[in-house]
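A.B. asks:
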């Protein structure tokens, strides 16, 4: 047996393949064969949101990193807004079970031993609401007393975006100084996405005079200089840049935009062509389709991943960064990310598409080390719920929307226009069949935990669809549910993988949704 590679990482990947072959072939000898193996996309990254309520335990992190290594990922980012124990800012993170510097250094080393680069990710402009709601930081906000916007709809009594000024730069630089030494990576994702209220408050005059795009670019350039002062290369989310794509030509050649989009029809082709034509290195960031859903939107995620990988190859992107977010309470079952995690790895390494059955087999084998429950297939089947009921809401599932959308009249109008009672019942029956297929099957620890998560997600989806039935008919729900029992199951599933910080907030949001169901 001979392993040959041009680098230590290549040998590591070869050994990974060998171990997987031995495991797949069972006891005895492995058949004689020759493998020539290499990735089709160099950068194969995964980003996990650890700010929206849920911070995983160290055991969960190491299990995830081991799986990423088996899948030949070479980059991990942990999305942070406030969940790091910044020395002088305890008011921001004290109830969040934050990552410590020691945690980060341990994760960084664990990643490096498996040829994965832990890239720091700290939002540095927008999505600063966890800071700006507190009095010591309010003065740094674009809109200290809050704002309202219609698309996407939001009303806040505090700001979410920093002022684009020198004081903000000095403040985030102090955070960089404390945060970045915990990482060995030479890259740094500074976020900079979705500055929702930019131009509504402190910068209103500047935005009126120069344009929102120019005010943003000037501040981005200030951030870039700080990043390079710390010896890193700046990555940033490209959504504001792509509002006026011609501005890509104004960027420093050392800046690396990350083009994100999570729907099946996201225009990766057009956006990549514009950025690539400016000579910039860039990455594409599709999504797992799991957030704001209890079962995922698997068909949309599949098409989104295929488009991202195809256009990364076509336009010469540096890599793919698969993202999984935790918007609005991080209520999605952890296990629903697995199909996307494996499929993105397949597309970035092998480059060929897979149908669902072999992908389900891969999930069973590589994640659960068992096919007793055929959980891979069950997870993907549950992820077809929205298609089953004819719903195509962007960035969310209908069931999630039925529980959590604050504007009840909007929900009713949407149902009356786009849904029928028959579809709602079909969806409930569809979920019941998945539950029946899973019942009574033997399982190991990993399967059992994932099955409990999935079954809870199915239960929440069924409750939501019954709520939809009630809204359509104008009658009270006929399927009462035990809210305290559901909350206990939710807490148990949460604590099996995550720290307690953020659980109270997530439970409160869920209880509110269930109380109106």
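Residue numbers (our numbering): 1 to 517.
Every residue gets a Cβ at the ideal spot worked out from N, C-alpha and C, and that includes glycine.
Apply the 10 Å Cβ neighbour rule to residue 383 and answer buried if 16 or more other Cβ atoms are within range, or exposed otherwise.
C.D. replies: That one is buried.
A.B. asks: Would you grab the beta carbon distance between residue 323 and residue 260 for me? Rounded to a whole angstrom, and I think it's under 8 Å.
C.D. replies: 7 Å
A.B. asks: Based on the DSSP output, what are the partners of residue 77 in its beta bridges?
C.D. replies: 47, 119
A.B. asks: If residue 198 sits next to residue 158, beta carbons under 8 Å apart, how far is it from one beta carbon to the other, in whole angstroms?
C.D. replies: Contact flag wrong, Cβ pair sits at about 15 Å.
A.B. asks: For residue 246, which of 233, 274, 479 has the nearest alpha-carbon?
C.D. replies: When only C-alpha atoms are compared, the closest one is 274.
A.B. asks: With a cut-off of 8 Å on the beta carbons, I'd call residue 200 and residue 147 a contact; round off their distance for me.
C.D. replies: Correct: roughly 5 Å between the Cβ atoms.
A.B. asks: Count Cβ pairs between the stretch 293-303 and the stretch 376-390 that sit closer than 8 Å; are there 3 or more?
C.D. replies: yes
A.B. asks: Can residue 291 and residue 258 be called in contact, C-beta distance under 8 Å?
C.D. replies: no
A.B. asks: What are the uninterrupted segments assigned as beta strand (DSSP E) that are 3 or more residues long and contained completely in the stretch 310-340, given in chain order?
C.D. replies: 319-324, all fully within the stretch 310-340.
A.B. asks: Taking the beta carbon of residue 35 as the centre, do at least 16 other beta carbons fall within 10 Å, making it buried, or is it exposed?
C.D. replies: exposed
A.B. asks: Does the structure place the stretch 398-405 close enough to the stretch 450-465 that three or more beta carbon pairs sit under 8 Å?
C.D. replies: yes
A.B. asks: Does DSSP put residue 245 in a helix, a strand or coil?
C.D. replies: For residue 245, the three-state secondary structure derived from DSSP is helix.
A.B. asks: Expressed to the nearest angstrom, what Euclidean distance is found between the alpha-carbon atoms of residue 193 and residue 186?
C.D. replies: A direct Cα-Cα distance of roughly 21 Å separates residue 193 from residue 186.
A.B. asks: Taking the alpha-carbon of residue 40 as reference, which of 153, 173, 18, 314 has the nearest alpha-carbon?
C.D. replies: 314
A.B. asks: Which two residues bound the contiguous beta strand (DSSP E) that contains residue 262?
C.D. replies: Unbroken run through residue 262: none, as it is neither H nor E.
A.B. asks: If we ignore side chains and look at the alpha-carbon of each, how far apart do residue 436 and residue 286 end up?
C.D. replies: 33 Å
A.B. asks: Check whether the Cβ of residue 132 sits closer than 7 Å to any heavy atom of the ligand HEM, and report yes or no.
C.D. replies: Among the ligands in the structure shown, none appear at all, so the ligand HEM cannot be discussed.
A.B. asks: Tell whether a beta-carbon distance below 8 Å holds between residue 256 and residue 235.
C.D. replies: yes
A.B. asks: Run through DSSP, which three-state label would residue 407 get?
C.D. replies: coil
A.B. asks: Where do the ends of the alpha helix (DSSP H) carrying residue 135 lie?
C.D. replies: Looking at the DSSP string, the run of the alpha helix (DSSP H) that includes residue 135 is 135-138.
A.B. asks: When you compare only the Cα positions, how much space is there between residue 77 and residue 345?
C.D. replies: 16 Å
A.B. asks: Output the distance between the C-alpha atoms of residue 214 and residue 278, rounded to the nearest integer angstrom.
C.D. replies: 18 Å
A.B. asks: Taking just the CA atoms, how far does residue 129 sit from residue 327?
C.D. replies: 13 Å
A.B. asks: To the nearest whole angstrom, what separates the beta carbons of residue 46 and residue 73, a pair I think is in contact under 8 Å?
C.D. replies: 6 Å
A.B. asks: Helix, strand or coil, according to DSSP, for residue 54 in the structure here?
C.D. replies: coil
A.B. asks: Spatial neighbours of residue 98 within its chain, please: C-beta separation below 8 Å, excluding the five flanking residues on both sides.
C.D. replies: 55, 82, 83, 84, 85, 501
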